[in-house]
Amino acid sequence: MRVSKHHYALELAERGNRVFFIEPPDLQNKGITISPSEDHPSLYIVKYRPVFRGKRFLPDPIFRLLLKAQVKLLTKAIGLRPDIVWCFDPYRFLNLKWFKASVNIFFAADLFYYDHLPEEAFTADVCLGVSDTIVELLKPACKTAHFINHGVNRHFTRIAQEALDQLPGTIHPKSKITVGYVGNLLMEAPDRNTMKKVISAHPDTQFVFWGQYEIKGNFVAFDKPEVFDFVRFLQSQPNVVLRGAVHPSVLSEEVKMADMFWVCWQTTTSKMWDGSNSHKILEYLSTGKPVVSHYMSTYRDNNIIDMLDSKDNSEYLSLFSQILKRVRSGELTDLQRDRILFAMENSYRSHIAGIEKLIESRFS
Numbered sequence: 000m001r002v003s004k005h006h007y008a009l010e011l012a013e014r015g016n017r018v019f020f021i022e023p024p025d026l027q028n029k030g031i032t033i034s035p036s037e038d039h040p041s042l043y044i045v046k047y048r049p050v051f052r053g054k055r056f057l058p059d060p061i062f063r064l065l066l067k068a069q070v071k072l073l074t075k076a077i078g079l080r081p082d083i084v085w086c087f088d089p090y091r092f093l094n095l096k097w098f099k100a101s102v103n104i105f106f107a108a109d110l111f112y113y114d115h116l117p118e119e120a121f122t123a124d125v126c127l128g129v130s131d132t133i134v135e136l137l138k139p140a141c142k143t144a145h146f147i148n149h150g151v152n153r154h155f156t157r158i159a160q161e162a163l164d165q166l167p168g169t170i171h172p173k174s175k176i177t178v179g180y181v182g183n184l185l186m187e188a189p190d191r192n193t194m195k196k197v198i199s200a201h202p203d204t205q206f207v208f209w210g211q212y213e214i215k216g217n218f219v220a221f222d223k224p225e226v227f228d229f230v231r232f233l234q235s236q237p238n239v240v241l242r243g244a245v246h247p248s249v250l251s252e253e254v255k256m257a258d259m260f261w262v263c264w265q266t267t268t269s270k271m272w273d274g275s276n277s278h279k280i281l282e283y284l285s286t287g288k289p290v291v292s293h294y295m296s297t298y299r300d301n302n303i304i305d306m307l308d309s310k311d312n313s314e315y316l317s318l319f320s321q322i323l324k325r326v327r328s329g330e331l332t333d334l335q336r337d338r339i340l341f342a343m344e345n346s347y348r349s350h351i352a353g354i355e356k357l358i359e360s361r362f363s
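Numbering-wise (numbering that gives the first Met the number 0), the sequence shown opens with residue 0 and increments by one.
See the structure below:
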């Protein structure tokens, strides 16, 4: 599964940089291996077997010495002193200065699992967070902490441009509505009780789900009975279609069938899911279609999505029904255009250009 760090690596390579993408440690790997990526000739995949095991059993000074030695071995294998180290994985390397790069960037794409901030943030020249919540957490560790939204990959920037070119000149009412949802249905975040109510209350509306729902493979992150009960509920509903996990190129084409999208998370039950942002929002917006959401603080100052005004989801069904009615009546072209343009402004390519300016400002 590709996430933001993979997309940034590819875009950096596209811009003429030589990029070494260090994979998570793998006990099955033999030493350190470096191989060209199939995606771009200037992108290299670095895999390594860690020089130590059992971190929790090691005294902290010994652990740090071994970790520093690991960094030294990695940079020696790469054969170059990096100009920039860009860390997406908190708590992995601790001290980014060990890489001896000219610029250190720490990018937080998720809230932090531990109560303490990752040490990478304290050793970074620039810290970036994808939500207002994350940026506020980073500020005590990093003077240069900035918000940067999730990114839109090239598959969705392409459909955004197509959607923009094909915007209708007039409003087109629709009687049969398809609602799209993209995301792993086995994760902790979804507010399953509310989602059941929404599906049951709209039997004449088709709900299409893209994302893992089968109990196999990786990322079964929330092994609880209610998760599997919800999957069985979805499978039993005549107005639900489960597409499963599909490649981004396939997903970007299939989501065109949706007339609106939704995201409905529990926002008060876990520190990992505060609902402040979701990377799927921009993919939804790239189609120009409306998005119904729980309260999402990152979007509180604009009307680009239709969301609740508090973390209480009790009024979600009412909001969903209201937007569904609006979509049936036909949406204004200006609303669709605003969503598409907003998504296009948040492409990975655009974000890299903005980050370059931040670095220039930081060192000017």
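The beta-carbon is built from N, C-alpha and C at its ideal position, and this holds for glycine as well.
This one's a predicted model, so the numbers in the text were calculated from it and none came from an experiment.
Assuming residue i contacts residue j (C-beta within less than 8 Å), just tell me the rounded distance between them.
i: M343; j: A159; result: 5 Å
i: V125; j: I358; result: 6 Å
i: P81; j: P49; result: Not really, about 20 Å apart at Cβ, beyond 8 Å.
i: L110; j: T132; result: 7 Å
In angstroms, rounded to a whole number, what distance separates the CA positions of residue i and residue j?
i: A188; j: I351; result: 29 Å
i: F260; j: H145; result: 28 Å
i: G329; j: L281; result: 22 Å
i: I170; j: L307; result: 26 Å
i: K324; j: P289; result: 12 Å
i: L72; j: C141; result: 27 Å
i: L26; j: T32; result: 13 Å
i: Y112; j: G168; result: 48 Å
i: S313; j: Q265; result: 11 Å
i: V197; j: H278; result: 22 Å
i: P172; j: L127; result: 42 Å
i: R153; j: Y294; result: 28 Å
i: K29; j: F19; result: 18 Å
i: L233; j: S275; result: 26 Å
i: E135; j: S296; result: 13 Å
i: S248; j: C263; result: 25 Å
i: I77; j: N16; result: 15 Å
i: A120; j: Y7; result: 19 Å
Among the residues of its own chain, which have a CB less than 8 Å from the CB of residue i, if the five just before and after it don't count?
i: R336; result: L163, L166 and G287
i: K96; result: N103 and T122
i: L340; result: L163
i: D38; result: L9 and A12
i: S320; result: A200 and H201
Does DSSP classify residue i as helix, strand or coil?
i: N192; result: helix
i: K4; result: helix
i: P289; result: coil
i: D300; result: coil
i: S34; result: strand
i: S363; result: coil
i: D59; result: helix
i: Y90; result: coil
i: L307; result: coil
i: F20; result: strand
i: S313; result: helix
i: Y347; result: helix
Looking only at its own chain, which residues have a Cβ that is under 7 Å from the Cβ of residue i, when we skip the five neighbours before and after it?
i: A244; result: G210 and Q211
i: F98; result: V70, T74, P81 and V84
i: T177; result: Q205, V207, M256, A257 and D258
i: S346; result: G150, V151 and T156
If you drop the 5 nearest sequence neighbours on each side, which residues of the same chain put their C-beta closer than 6 Å to that of residue i?
i: D300; result: none
i: T332; result: L166
Quick check: does the Cβ of residue i come within less than 7 Å of any heavy atom belonging to the ligand PLP?
i: Y90; result: Inclusion of the ligand PLP in the displayed structure is not the case, the ligand content being empty and no account of it being possible.
| said: Suppose only complete runs of 4+ residues qualify. What are the alpha helix (DSSP H) ranges in the region 200-283, listed by chain order? | reply: 224-235 and 247-253
Unbroken beta strand (DSSP E) runs of length 3 or more, entirely within the region 129-183: which are they? 144-146 and 177-181
Run through the region 101-129 for me and flag every whole beta strand (DSSP E) of 3 or more residues, listed as ranges in chain order. 102-107 and 125-128
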